[in-house]
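Asks:
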Amino acid sequence: MPVRNLQQSPLHARILLVDDNAHGLSARKTVLEELGHRISTASSASEALDQFSGQKFDLVVTDYKMPRMDGLELIRQMRKEDPDVPIILVSGYVDSLGLNERSTGADVVIQKSANEVSHLVRSVGRLLRRKPVKKMPAAESALSKLKRKVV
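If you want it as structure tokens, here you go:
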């Protein structure tokens, strides 16, 4: 499904994408950037934690299977730092491992498939609409900077 036919998310959010697979990372980044989001990428969970600790993100999308630290442990660590940040877990093992929102701590779990992109775009939009703007620190910070420039 072409990205231009998918509904745009209501806010241009700051999103952290995490995947040790460069192709998967690049594909998701392209789709979300075309929707107007500002994307940061990490190729490992430890790199993601470093970025997460130093910056504010409105949403995180992480792969499940990564070396050294998997997506579940990454989610646990991120929840300790910011329990309210929306997190999407993407995995090719959803069915075989019985991964779901309750068992993973993610807000949404997406199976890697031919429909992954459309599920991702819809989930990002839904989670961002659900999150009050006052709780979107990255978007709020960017808005404040713009307001100062205008005034």
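In this text, residue positions in the sequence shown follow the numbering used here: the first is 73, and each later residue adds one. Heads up, the beta-carbon is just placed ideally off N, CA and C, and yes, glycines get one too. Owing to the predicted nature of the structure, the values given are computational and were not obtained by experimental measurement.
(1) Just verifying my parser: in three-state terms, what is the DSSP assignment at residue 135?
(2) Pick out the complete alpha helix (DSSP H) segments inside the segment 105-176, 4 residues or longer, and give them in chain order.
(3) Per DSSP, which one or two residues make a beta bridge with residue 181?
(4) Check whether the segment 186-203 and the segment 165-177 are in contact - that is, three or more C-beta pairs closer than 8 Å.
(5) One question on the structure: do residue 132 and residue 162 come within less than 8 Å of each other, judged by their Cβ atoms?
(6) Just reading off the alpha helix (DSSP H) that residue 191 is part of, what are its end residues?
(7) Cβ atoms of residue 129 and residue 87: under 8 Å apart, would you say?
(8) Please name the residue or residues paired with residue 89 in a DSSP beta bridge.
(9) Quick check on the burial criterion: 16 or more other C-beta atoms within 10 angstroms. Buried or exposed for residue 176?
(10) Just the Cα atoms here: how many angstroms apart are residue 122 and residue 115?
(11) Check each candidate in 85, 112, 96, 108 and name the one with the smallest Cα separation from residue 185.
(12) Take the Cβ of residue 156 as the centre, count every other Cβ of all protein chains shown within 10 Å, and call the residue buried at 16 or more, exposed below.
(13) Can you list, in chain order, the residues of its chain with a C-beta nearer than 8 Å to that of residue 199? Leave out the 5 residues immediately preceding and following it.
Replies: Short version:
(1) Position 63 of the sequence shown, counting from 1, holds the residue named residue 135. Under the three-state reduction of DSSP output, residue 135 falls in the strand class.
(2) Unbroken alpha helix (DSSP H) stretches of 4 residues or longer found wholly inside the segment 105-176: 117-126, 143-153, 166-169, 173-176, given in chain order.
(3) Counting from one through the sequence shown, the residue named residue 181 turns up at place 109. When beta bridges are read from the DSSP output, residue 181 appears opposite 161.
(4) The segment 186-203, when compared against the segment 165-177, does not touch it at the 8 Å Cβ threshold.
(5) Along the sequence shown, one-based indexing puts residue 132 at 60. Along the sequence shown, one-based indexing puts residue 162 at 90. At least 8 Å separates the beta-carbon of residue 132 from that of residue 162.
(6) Walking along the sequence shown from the start, residue 191 turns up at place 119. Unbroken alpha helix (DSSP H) run through residue 191: 188-202.
(7) Translated into the one-based positions of the sequence shown, residue 87 becomes position 15. Translated into the one-based positions of the sequence shown, residue 129 becomes position 57. For the pair residue 87 and residue 129, the CB atoms are nearer than the 8 Å cut-off.
(8) By one-based count along the sequence shown, residue 89 stands at place 17. DSSP lists 113, 133 as the beta-bridge partner residues of residue 89.
(9) Indexing the sequence shown from 1 puts residue 176 at position 104. Buried, because 16 or more other Cβ atoms sit within 10 Å of the Cβ of residue 176.
(10) For the purposes of this step, residue 122 is taken as residue 50 along the sequence shown, with counting starting at 1. For the purposes of this step, residue 115 is taken as residue 43 along the sequence shown, with counting starting at 1. Cα to Cα, the separation comes out at about 12 Å.
(11) Residue 185 sits at position 113 when you count from the first residue of the sequence shown. Selected option, being the one with the closest Cα: 96.
(12) Working through the sequence shown from its first residue, we reach residue 156 at position 84. With fewer than 16 other Cβ atoms within 10 Å, it is exposed.
(13) Against the sequence shown, residue 199 aligns to sequence position 127. For residue 199, where only same-chain residues beyond five positions count, the Cβ hits under 8 Å are 131, 158, 160, 179, 180.
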